[in-house]
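Chemist: In my numbering, the protein residues as written are 1141 to 1482.
All residues carry an ideal CB built from backbone N, CA and C; glycine is no exception.
The structure presented is a predicted model; accordingly, all values stated were derived computationally and were not measured.
First the structure, which I've put down as structure tokens, then a few questions once you've had a look.
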Amino acid sequence: MKDTLEALRQSALGELTETRDTRELEGLRVDYLGKKGKITTILKQMGSLGAEERPVIGALANSVRADIENALEARRSELEAAALTQRLLHEKLDVTAPGKKIEPGRRHPMSIVLDEARDIFISMGFTIAEGPEVELSLYDFDKLNIPPNHIVREWSDTFYITQDEAVHLRCQTSPVQVRYMETHRPPIRIISPGRVYRRDEVDASHSPMFHQIEGLVVDRGITLGDLKGTLNALVGRIYGADTKTRFRPHHFPFTEPSCEVDVQCVSCGGAGCRVCKGEGWLELLGAGMVHPKVLAGVGIDPDVYSGFAFGIGADRMTMLRYDIDDLRLLFENDLRFLRQFA
Ligand code: PHE
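What follows is the structure, encoded as structure tokens:
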């Protein structure tokens, strides 16, 4: 047993000098001094020794263990120091190297125009209302006087959420009119910008998701003249004071009379070009006087109150503002495009 212990001392000290890192060192420690280690195993056999031999071997075993422990500690310090030196060599910090430039974000052109429109309406006394994008057909269709067989109710036009056609992704911001009128009494003056969804294929002028700014004014004695004045003020401030508008008769189930509003082509000034397809005019929004049925439906007496409403194509408005000829550019997040807008 004495010889075995001596041999273990020699082999342990020898192997120690060959360890290359603290993990190997730990392996070695377990190998000799661990619960099932070589030294421990010997100590467990001490019981079989005679009374004279036992203290002698015991003392020897303790000295072997102490030697190995001390050598382990010394080697650990050595290895740690070497590792630190290595790290310091590799992690040289060049304080003269130029820093990494962090580019500040900038506003999306849509956000710029939307913020501008918000400011303009707020300056005219409007407040901002919000409505859900996942909407009840009750609000997006029924309460807007859209008949049961109307084309927008087709599955090919609308993203239904429920099989019974009760819930869908709103196809216009107009349901916010109804929601607001159900909880507020006149005078009402709101806009409601937001996303709308229609099952259109993506191309230069269509996207299944786009943006509208709904507007609603209800009070005593509101006329079509107020609608024209308000929209002309908006167009003048966004596109320049002498930009002309054109109010064309149209049909919407929830306004009567209804119109669509065009602005004189910002590209050619009305002469006719590629952007306006030779028309000289570009369609910007739909509008009209709130239908008496819609007012009555929310408990506002149409004999006492009248109102106008409009729905601006916000993407359209942005494209016209910056002469952008492809709607997809607004949604693709190509930095080369977005960097152009301050
Ligand atoms: N909601 C209509 C559309 O999406 C626009 C509109 C809004 C028309 C308000 C009249 C009044 O085409």
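With a threshold of 8 Å, are at least 3 pairs of Cβ atoms found where one atom belongs to the segment 1262–1273 and the other to the segment 1380–1395?
Modeler: no
Chemist: Could you please give the first and the last residue of the uninterrupted alpha helix (DSSP H) stretch that includes S1203?
Modeler: Stepping through the sequence shown from its first residue, residue 1203 is reached at position 63. 1193–1230 is the span of the alpha helix (DSSP H), which, as asked, contains S1203.
Chemist: Given that a residue counts as buried once 16 or more other Cβ atoms are within 10 Å of its Cβ, and exposed if not, what is H1346?
Modeler: By one-based count along the sequence shown, residue 1346 stands at place 206. Exposed, by the Cβ-count rule.
Chemist: Please report how far the alpha carbon of R1293 lies from the alpha carbon of P1249, in whole angstroms.
Modeler: Sequence index remark: in the sequence shown, residue 1293 carries index 153 (1-based). Sequence index remark: in the sequence shown, residue 1249 carries index 109 (1-based). One C-alpha to the other measures close to 32 Å.
Chemist: So does the segment 1282–1289 actually touch the segment 1427–1443, counting three or more Cβ pairs closer than 8 Å?
Modeler: yes
Chemist: Quick one, which of V1403, E1322, G1447 has its alpha-carbon nearest M1459's?
Modeler: The count along the sequence shown starts at 1 and reaches residue 1459 at position 319. Cα-wise, what sits closest to M1459 is V1403.
Chemist: Less than 8 Å separating the Cβ of A1257 from some heavy atom of the ligand PHE?
Modeler: Mapped onto the sequence shown, residue 1257 falls at position 117. Taking the Cβ of A1257 as the reference point, every heavy atom of the ligand PHE lies at 8 Å or farther away.
Chemist: Can you name the start and end residues of the beta strand (DSSP E) that Q1404 belongs to?
Modeler: As a first step, residue 1404 must be located in the sequence shown, where it is residue number 264. It spans 1395–1404 - the beta strand (DSSP E) in which Q1404 sits, taken as one unbroken run.
Chemist: Relative to the C-alpha of V1375, which candidate in I1452, A1201, R1360 has its C-alpha closest?
Modeler: Here residue 1375 corresponds to residue number 235 of the sequence shown, with the count starting at 1. Comparing Cα-Cα distances from V1375 to each of I1452, A1201, R1360, the minimum goes to I1452.
Chemist: With a cut-off of 8 Å on the beta carbons, I'd call I1328 and L1356 a contact; round off their distance for me.
Modeler: For the purposes of this step, residue 1328 is taken as residue 188 along the sequence shown, with counting starting at 1. For the purposes of this step, residue 1356 is taken as residue 216 along the sequence shown, with counting starting at 1. Yes, they are in contact, since the Cβ atoms of I1328 and L1356 sit about 6 Å apart, within 8 Å.
Chemist: Would you say E1423 touches the ligand PHE, meaning its beta carbon is less than 8 Å from a heavy atom?
Modeler: Counting from one through the sequence shown, the residue named residue 1423 turns up at place 283. False, no ligand heavy atom lies under 8 Å from that Cβ.
Chemist: Where do the ends of the beta strand (DSSP E) carrying M1186 lie?
Modeler: Here the question's residue 1186 lines up with position 46 in the sequence shown. Careful: M1186 lies outside any beta strand (DSSP E) and carries neither H nor E.
Chemist: So, at 7 Å on beta carbons, what are the nonlocal neighbours of M1349 in its own chain, with the 5 sequence-adjacent residues on each side left out?
Modeler: As a first step, residue 1349 is located in the sequence shown; it is residue number 209 there, counting from the start. Residues of the same chain with a CB within less than 7 Å of the CB of M1349, apart from the 5 flanking positions on each side, are R1335, Y1337 in chain order.
Chemist: Looking at the unbroken alpha helix (DSSP H) that takes in D1455, where does it start and where does it end?
Modeler: Sequence index remark: in the sequence shown, residue 1455 carries index 315 (1-based). Here the alpha helix (DSSP H) through D1455 covers 1454–1462.
Chemist: Helix, strand or coil: how does DSSP classify D1304 here?
Modeler: The sequence position of residue 1304 within the sequence shown is 164, counting from 1. If DSSP states are grouped into helix, strand and coil, D1304 belongs with coil.
Chemist: Does the beta carbon of E1341 fall short of 8 Å from some heavy atom of the ligand PHE?
Modeler: Translated into positions along the sequence shown, residue 1341 becomes position 201. Flag unset: Cβ of E1341 not near the ligand PHE.
Chemist: Checking 9 Å against the spacing of the C-beta atoms, do L1219 and L1173 come in under that value?
Modeler: The count along the sequence shown starts at 1 and reaches residue 1219 at position 79. The count along the sequence shown starts at 1 and reaches residue 1173 at position 33. The answer is no: Cβ separation not under 9 Å.
Chemist: May I have the straight-line CA-CA distance separating G1245 from S1398, to the nearest angstrom?
Modeler: Position 105 of the sequence shown, counted from the start, is the residue given in the question as residue 1245. Position 258 of the sequence shown, counted from the start, is the residue given in the question as residue 1398. Approximately 41 Å between the Cα atoms of the pair.
Chemist: Using 9 Å as the threshold, is the C-beta distance between V1307 and V1274 below it?
Modeler: Along the sequence shown, read from residue 1 onward, the residue named residue 1307 stands at position 167. Along the sequence shown, read from residue 1 onward, the residue named residue 1274 stands at position 134. Against a cut-off of 9 Å, the Cβ pair of V1274 and V1307 comes out as a contact.
Chemist: Which residues does DSSP pair with T1383 in a beta bridge?
Modeler: What you label residue 1383 is simply residue 243 of the sequence shown in a count that begins at 1. None, per the DSSP bridge assignment.
Chemist: In whole angstroms, what separates the C-alpha of K1175 from that of A1147?
Modeler: For this step, residue 1175 is matched to residue 35 along the sequence shown. For this step, residue 1147 is matched to residue 7 along the sequence shown. C-alpha separation (whole angstroms): 19 Å.
Chemist: If you draw a straight line from the C-alpha of L1156 to the C-alpha of K1142, how long is it?
Modeler: Here the question's residue 1156 lines up with position 16 in the sequence shown. Here the question's residue 1142 lines up with position 2 in the sequence shown. Rounded to whole angstroms, L1156 to K1142 spans 21 Å at the Cα level.
Chemist: For the ligand PHE, I want to know if F1394 counts as a neighbour, meaning its beta carbon is within less than 8 Å of at least one of the ligand's heavy atoms.
Modeler: Locating residue 1394 in the sequence shown gives position 254, where the first residue counts as 1. At least one heavy atom of the ligand PHE is nearer than 8 Å to the Cβ of F1394, so yes.
Chemist: By how many angstroms is the C-alpha of T1225 removed from the C-alpha of G1167?
Modeler: One-based indexing of the sequence shown puts residue 1167 at position 27. One-based indexing of the sequence shown puts residue 1225 at position 85. In a straight line, the C-alpha of G1167 is about 23 Å away from that of T1225.
Chemist: Apply the 10 Å Cβ neighbour rule to H1391 and answer buried if 16 or more other Cβ atoms are within range, or exposed otherwise.
Modeler: The sequence position of residue 1391 within the sequence shown is 251, counting from 1. The residue is exposed, with fewer than 16 neighbouring Cβ atoms inside 10 Å.
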